[in-house]
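Engineer:
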Amino acid sequence: MPVPSLHVLILSALLFAIGIIGALMRRNLVVMFLCVELMLNAANLALIGFSRRLGQLDGQVVVFFVIVLAAAEAAVGLALVIALYRSRRTLDADQLNLMKY
Amino acid sequence: MTVVLFYISAFLAVLAALNLILQKKTMNAALSLVVCLAALSIIYFILSAPFIGIIQLVVYAGAVMVLFLVVIMLLDPFSEVVLRNHNRLWVFFGVLLGGGLFALLAFAFSTWQPPADTPDLPGAARNTETLAALLFNKYLLPFEAVSILILVAIIGAVVLAKKKHPAGS
Amino acid sequence: MNSLLLWIPLLPLLGFLLNGLFGRRLPKPLVHWIACGATGASFLLAAIVFQRFLNLPERLVQADYFRWIESGDFAASFGFLLDPLSMVMTLVVTGVGFLIHVYSIGYMWAEAGYYRFFAYMNLFMFAMLMLVLADNYLLLFLGWEGVGLCSYLLIGFYFHKPSAAAAGKKAFIVNRIGDFGFVVGLVLLFVTFRTLDFRTLFAQVAALPVEAHYGVLTAITLLFFVGATGKSAQIPLYVWLPDAMEGPTPVSALIHAATMVTAGVYMVVRSNPLYGRAPETLFWVGLIGALTAVFAATIGLFQRDIKRVLAYSTVSQLGYMFVALGVGAYATGIFHLMTHAFFKALLFLGSGSVILALHHEQDMQAMGGLRKYLPVTAATMWIGALAIAGVPPLAGFFSKDEILWHAFAGGARGHLVFFGLATLAAGLTAFYMFRLVFLTFHGRTRVPEEQRHHVHESPRPMTAVLVVLALLAAVGGFVGLPAWLGPNAFRDFLQPVFAQLPPVDGGAHAPHSLAQELAVTGAAVLVGLLGIAAAWVVFIRRGALPDDEKRLGAAHQLIFHKYYVDELYDRVIVRPLAWISEQWLWKIFDAGLVDGLVNGAGAMVRGLGDGARRVQNGLTRTYLGWVAVGAIGVGLYVLFLFG
Chain Z
1 MPVPSLHVLI LSALLFAIGI IGALMRRNLV VMFLCVELML NAANLALIGF
51 SRRLGQLDGQ VVVFFVIVLA AAEAAVGLAL VIALYRSRRT LDADQLNLMK
101 Y
Chain X
1 MTVVLFYISA FLAVLAALNL ILQKKTMNAA LSLVVCLAAL SIIYFILSAP
51 FIGIIQLVVY AGAVMVLFLV VIMLLDPFSE VVLRNHNRLW VFFGVLLGGG
101 LFALLAFAFS TWQPPADTPD LPGAARNTET LAALLFNKYL LPFEAVSILI
151 LVAIIGAVVL AKKKHPAGS
Chain R
1 MNSLLLWIPL LPLLGFLLNG LFGRRLPKPL VHWIACGATG ASFLLAAIVF
51 QRFLNLPERL VQADYFRWIE SGDFAASFGF LLDPLSMVMT LVVTGVGFLI
101 HVYSIGYMWA EAGYYRFFAY MNLFMFAMLM LVLADNYLLL FLGWEGVGLC
151 SYLLIGFYFH KPSAAAAGKK AFIVNRIGDF GFVVGLVLLF VTFRTLDFRT
201 LFAQVAALPV EAHYGVLTAI TLLFFVGATG KSAQIPLYVW LPDAMEGPTP
251 VSALIHAATM VTAGVYMVVR SNPLYGRAPE TLFWVGLIGA LTAVFAATIG
301 LFQRDIKRVL AYSTVSQLGY MFVALGVGAY ATGIFHLMTH AFFKALLFLG
351 SGSVILALHH EQDMQAMGGL RKYLPVTAAT MWIGALAIAG VPPLAGFFSK
401 DEILWHAFAG GARGHLVFFG LATLAAGLTA FYMFRLVFLT FHGRTRVPEE
451 QRHHVHESPR PMTAVLVVLA LLAAVGGFVG LPAWLGPNAF RDFLQPVFAQ
501 LPPVDGGAHA PHSLAQELAV TGAAVLVGLL GIAAAWVVFI RRGALPDDEK
551 RLGAAHQLIF HKYYVDELYD RVIVRPLAWI SEQWLWKIFD AGLVDGLVNG
601 AGAMVRGLGD GARRVQNGLT RTYLGWVAVG AIGVGLYVLF LFG
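The listed protein sequences derive, respectively, from chains Z, X and R. Here the first sequence is numbered in the working numbering, starting from 1 and rising by one per residue. Here the second sequence is numbered in the working numbering, starting from 1 and rising by one per residue. Here the third sequence is numbered in the working numbering, starting from 1 and rising by one per residue.
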């Protein structure tokens, strides 16, 4: 008996929702970053699920690209975090309001 | 058997994700994400995407998360102290928006009508081969573009994280 | 042929650009060589084109140069239509224009802004040629507005003089009123026929069943005529033309006598297929023309300013042309337009010569006996005056006689009224023209003693032009002989332009006999001679002067003040308009409503922005929250509105 596609998709939605809740309620930049990674993975899971359900490998190709992008994003993002920490001595997102009007 | 394995992995992934957002310590949060990613990798295998599963383990759970852990270890002693409390209002908004998004997605997925007869994916043995064929034919241009993006990201990361010289170069 | 045709208006434009852009730095002789060379070459080209045109099997050239405007189903090309009508106009405009340019060398030599004058004159030539050569109404309108602009610029040539500046503005504004009617007519025309191209349009109109679109055509032609009354100075919009005499005299001769003011006549003749379908309008054209002819002639009786006499005479003669159009005698109208261009240009230039000799004295009270000092001017002025008075065999005789005959014999409504008014105007014209001649050149001189030795004949270019124009005024009429004298070459030449028309006079020529025609001619000549004789009695025998006319009392007062029409317009139109503009449009509408709206809009945006920028609090999490909200919004939209 194969795994029902709906359950895969629901799992993906659940992980995505958890990710966004975490990103909104945590103040630590690194944890927010981790939550974003979690959301990316939730999207990957949805793609894999659709790929299997529709019998097309294109979804898996997109997941491949997403993983590559996530790696690049993690590298740049973490470099930013380090640079930010060096200059501001904090990782508190609420202290960083340079983007203010 | 695989179905049971799927539900166990799914349960594990959700549990790890919840731990990720509730855990006070940054290091523990990162480690629970590693658990979550590993569980997802198992699910990928079950959903006949073995190549992606391997990539997930090697690149994501391996390389990317190691990068996270290194950074956390570099910064953690300071961040932990400051960032313990969360604001009630943000929690409320987070749950509201996350819950809303989940409800929307769940509704969308459950009302989705997939086409009746769809071809089966190629078996595990041919998965990587077929994927490669797609990647180097149909998706060759995005593939090359992504490789350039990686290069840019490497250079950008080095430039950003480099210690500034006092002479200001 | 097509490229030759294009260069006819293009050369004056080049002259304008050269003089307008670099004229300030060019030596004066070069300036007038450029300007006169451009118009002269343009005239030569026109002559060459004319010679080739005569040899064409079908005398019609339509040259499309490029698509000018294209928008939806509206299209206007930049193209010329050369038919006998535009050929005649082109020859008259370039020929008389060239002569007046040459005259200006002498007249304007001492003036500041020499290059400016010639630049404007060339621009005027360009615009006027565009007007007469255009193959569609939009291009015609371009020329129409262009000549209006040049007229404004040249009337206000002495812009440091307040009266000149005011006269320029007056001309411009009064013309706007007429042009408004013209534009509305154009729009109506386009809405009805979906084209503005002459040939397409007239073919469509010709194919219409009789009486179809009768109301619309009447409205269009009436609106066009409103435009013509503005441009050609007819009642009620004639008031700008006398004031336009503030401009230099060559300008008065070229623009306000020979060419631009006849644009209205040309336009009506050009639109003859439309007017042929609207007899109601034609009646009004004739009536307005006849009334203007008499009205302006009476004002001319008592004017003291030599140029103003000529200005009212121009208004009156334009009225004559409209009388001709009103009875459907288009060719005759154009004929009179041509002869009038000759003798009125001559008269204006002659008066300019007098004015120059007297150092810008224009009051006839201070003239008299000038023929001793200005023999050439006096002789040529005599010829011009005889021509306008309709004394045979000068040019004016033929054209005026033809108009009177058509008015008498035509079958159109009210033609006998037109005939009576036109004959009256002819007598008045003869009287005031010879009043002018006698007061200026005859009797004892009233020029102050100490100035007399300064008075001498104008320089050679000016007198040469006067002689040429006098020749034209003398023999120009022979191209259009009346039926009892020989073939009317002029009318036969123009005939193709009106070929598609049903005869407006209903073939009423037939029952009229040769005797009647001779009687009309005799009457016209007699009236003219009577006018001259009366002037001779009053101003030579009894030696009356302009000052003596005051003894006529109230009648003189009324007419001398131009029937107080300007004052009436001021009271009835200008002041209420100014009051409404100031009290309502400015203080309430503009300052209150418009400014309030504009400032209010600004304040509202400011307030909104002030509120909205609070959203940008710089916190990453807020932005993330908004992204989530947006995602939910997009999701809902896709889910519930798309499927």
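For glycine and all other residues, C-beta sits at the position ideal for the given N, C-alpha and C.
Count the other CB atoms, across all protein chains shown, that sit within 10 Å of the CB of Y7 of chain X; report buried if there are 16 or more and exposed otherwise.
Structural biologist: Exposed, by the Cβ-count rule.
Engineer: Using a Cβ cut-off of 7 angstroms, pull out every chain Z residue sitting near R621 of chain R, in sequence order please.
Structural biologist: Per Cβ cutoff of 7 angstroms: L24, A93.
Engineer: Where does Q62 of chain R sit, in a helix, a strand or coil, going by DSSP?
Structural biologist: Residue state, collapsed to three classes: strand.
Engineer: Using 8 angstroms as the limit for Cβ to Cβ distance, is I82 of chain Z near chain R?
Structural biologist: Chain R, which has no Cβ nearer than 8 angstroms to the Cβ of I82 of chain Z, makes this no.
Engineer: Under DSSP, the alpha helix (DSSP H) around F78 of chain R begins and ends at which residues?
Structural biologist: Element bounds for F78 of chain R: not the alpha helix (DSSP H) but the beta strand (DSSP E), 74-82.
Engineer: Could you name the residues of chain R that F93 of chain X contacts, counting a contact when the two beta carbons are closer than 7 angstroms?
Structural biologist: Simply G625.
Engineer: Could you tell me which of R:G333, R:R413, R:R435, R:Q516 sits nearest to F490 of chain R, measuring between CA atoms?
Structural biologist: Ranking R:G333, R:R413, R:R435, R:Q516 by Cα distance to F490 of chain R puts R:G333 first.
Engineer: How many angstroms separate the CA atom of L318 of chain R from the CA atom of G143 of chain R?
Structural biologist: Answer to the nearest angstrom: the Cα atoms are 20 angstroms apart.
Engineer: DSSP three-state call for N617 of chain R: helix, strand or coil?
Structural biologist: Of the three classes helix, strand and coil, the one that applies to N617 of chain R here is coil, per DSSP.
Engineer: To which residues of the same chain is P392 of chain R closer than 7 angstroms at the C-beta, ignoring the five residues directly before and after it?
Structural biologist: Contacts found: V525.
Engineer: With a threshold of 16 other CB atoms inside 10 Å of the CB of R613 of chain R, please say whether the residue is buried or exposed.
Structural biologist: R613 of chain R should be labelled exposed.
Engineer: Is there contact here, the segment 418-431 of chain R with the segment 540-552 of chain R, by at least three beta-carbon pairs under 8 angstroms?
Structural biologist: The segment 418-431 of chain R vs the segment 540-552 of chain R: no contact.
Engineer: Buried or exposed for Q60 of chain Z, going by 16 or more other Cβ atoms inside 10 Å?
Structural biologist: Looking at its Cβ environment, which holds 16 or more other Cβ atoms inside 10 Å, Q60 of chain Z is buried.
Engineer: Would you call G340 of chain R buried or exposed, if buried means 16 or more other Cβ atoms sit within 10 Å of its Cβ?
Structural biologist: In the sequence as displayed, the identity of residue 340 of chain R is His instead of Gly. Answer is buried; the Cβ neighbour count reaches 16.
Engineer: Identify the continuous alpha helix (DSSP H) that holds Q60 of chain Z and give its terminal residues.
Structural biologist: Here the alpha helix (DSSP H) through Q60 of chain Z covers 58-88.
Engineer: Only counting the same chain, and skipping five residues up and downstream in sequence, which positions put a Cβ closer than 6 angstroms to that of S12 of chain Z?
Structural biologist: A42, L45, A46.
Engineer: Looking at the structure shown, is N55 of chain R part of a helix, part of a strand, or coil, going by DSSP?
Structural biologist: Residue state, collapsed to three classes: helix.
Engineer: Mind checking which residues open and close the alpha helix (DSSP H) that includes I48 of chain Z?
Structural biologist: Its alpha helix (DSSP H) spans residues 29-54.
Engineer: Quick check: the segment 1-10 of chain R against the segment 55-71 of chain R, are there 3 or more CB pairs under 8 angstroms?
Structural biologist: Yes: at least three Cβ pairs fall under 8 angstroms.
Engineer: Under 6 angstroms Cβ to Cβ from K562 of chain R, same chain only, skipping five residues before and after it: list those, please.
Structural biologist: Only I299 meet the Cβ criterion.
Engineer: Is it buried or exposed, V634 of chain R, if we count other Cβ atoms within 10 angstroms and call 16 or more buried?
Structural biologist: Looking at its Cβ environment, which holds fewer than 16 other Cβ atoms inside 10 Å, V634 of chain R is exposed.
Engineer: Is Q56 of chain X close to chain Z, meaning its C-beta is less than 8 angstroms from at least one C-beta of that chain?
Structural biologist: Yes, contact with chain Z.
Engineer: Applying a beta-carbon distance threshold of less than 7 angstroms, which residues of chain Z neighbour T26 of chain X?
Structural biologist: What T26 of chain X touches in chain Z: N28, V30, V31.
Engineer: Could you give the residue range of the alpha helix (DSSP H) that holds D595 of chain R?
Structural biologist: Per DSSP, D595 of chain R belongs to the alpha helix (DSSP H) from 595-612.
Engineer: What residues from chain Z crowd round I8 of chain X, counting only those whose CB sits closer than 8 angstroms?
Structural biologist: Here the premise fails: no neighbours, minimum Cβ distance about 12 angstroms.
Engineer: Cutting at 6 angstroms between CB atoms, please list the residues of its own chain near G49 of chain Z, excluding the five before and the five after it.
Structural biologist: So the qualifying residues of the chain are S5, V8, L9.
Engineer: Any beta-carbon of chain R closer than 8 angstroms to the one on I18 of chain Z?
Structural biologist: So, not an interface residue.
Engineer: Quick one: using the 10 Å Cβ neighbour count with 16 as the cut-off for buried, is N137 of chain X buried or exposed?
Structural biologist: By the neighbour-count rule (16 or more Cβ atoms within 10 Å), N137 of chain X is not buried but exposed.
Engineer: Which residues does DSSP pair with S71 of chain R in a beta bridge?
Structural biologist: Beta-bridge pairing links S71 of chain R to R:F74.
Engineer: From V49 of chain R to L5 of chain R, what does the alpha carbon distance come to, in whole angstroms?
Structural biologist: Going from the Cα of V49 of chain R to the Cα of L5 of chain R covers about 7 angstroms.
Engineer: If I follow the unbroken alpha helix (DSSP H) through A165 of chain R, where does it start and stop?
Structural biologist: Note, A165 of chain R: alpha helix (DSSP H), 162-193.
Engineer: Is L241 of chain R near the ligand SAM, going by C-beta to nearest heavy atom under 7 angstroms?
Structural biologist: This structure does not include the ligand SAM; it has no bound ligands of any sort.
Engineer: Among the residues of its own chain, which have a CB less than 6 angstroms from the CB of M644 of chain R, if the five just before and after it don't count?
Structural biologist: Absent from the structure is residue 644 of chain R, since the part of chain R shown begins at 1 and ends at 643.
Engineer: What does DSSP give as the partner residue(s) for D305 of chain R in the beta ladder?
Structural biologist: Bridge partners of D305 of chain R: R:D363.
Engineer: Under 8 angstroms between C-beta atoms, does L98 of chain Z make it to chain R?
Structural biologist: Taking Cβ atoms only, chain R reaches closer than 8 angstroms to L98 of chain Z, which makes this a yes.
Engineer: On the three-state DSSP scale, how would you describe N136 of chain R?
Structural biologist: Residue state, collapsed to three classes: strand.
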